[in-house]
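Residue numbers (our numbering): 1 to 165. For glycine and all other residues, C-beta sits at the position ideal for the given N, C-alpha and C.
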Ligand code: ADP
């Protein structure tokens with residue numbers, strides 16, 4: 001079965017990687033789909049995010065990275081995927097995710113949403129926390145892979161005015 005794992009991935013964390021690896025283990029093909037949403041302010045461009053996902057998933061032959069805009073169910077259908085994968089952290093994720101899943105099902109009832117619960121060590125991990133910690137000079141080694149850390153530090157350096165204090 002082919003599945004889509006959609007999100008912002010700005011940037012991809014170990015929490016995302018955990019879901020990707022677990023979903024890739026029971027799907028024939030997993031498309032990590034980066035939402036192209038110009039309304040949402042992002043640190044990384046779509047191309048940068050796709051490139052990072054490609055590097056991080058190079059060891060997973062059935063995973064590919066694509067971007068999409070518009071309705072997720074349309075993107076899924078165009079790519080013959082009948083399954084949407086979402087990760088669930090705390091109960092706070094639940095209401096939004098449930099609403100989205102119900103909406104997607106009312107738009108296209110051929111497509112199912114499957115929730116995978118986080119591994120406990122990633123319970124509090126989100127892309128925004130990673131960006132905040134990295135921007136403030138904190139250690140993100142437990143949160144993202146060295147590939148992402150390097151890109152984060154580059155980005156943060158590039159936006160620092162004059163690069164010195
Ligand atoms: P979005 O902006 O759509 O929430 P994200 O990139 O933040 O996109 O997340 C994409 C998906 O990955 C969502 O289903 C989210 O719940 C899940 N996710 C993010 N972080 C974690 C984590 N630490 N553990 C499990 N799932 C996660």
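Only residues of its own chain outside the window of five on either side were considered, and among them 139, 140 and 143 have a CB closer than 8 Å to the CB of residue 133, listed in chain order. Shown here, residue 118 sits in coil according to DSSP, grouped into three states, outside any helix or strand.
The closest CA to that of residue 41, considering only 128, 148 and 67, is found on 128.
Residue 132: member of the alpha helix (DSSP H) spanning 127-135, first to last residue.
The three-state reading of DSSP puts residue 98 in helix, counting H, G and I together. Fewer than three pairs of CB atoms, one per stretch, sit closer than 8 Å, so the stretch 32-41 makes no contact with the stretch 92-106. Residues 11, 12 and 52 of the same chain have their beta carbon placed closer than 7 Å to that of residue 148, with the five preceding and five following residues left out of the count. For the ligand ADP, a non-hydrogen atom lies closer than 6 Å to the CB of residue 9.
Taking 7 Å as the cut-off, the beta carbon of residue 87 is found closer than this to the beta carbon of residue 118. When distances are taken from the beta-carbon of residue 15 to the heavy atoms of the ligand ADP, the shortest one is below 6 Å.
In the DSSP assignment, residue 72 falls within the alpha helix (DSSP H) that extends over 72-78.
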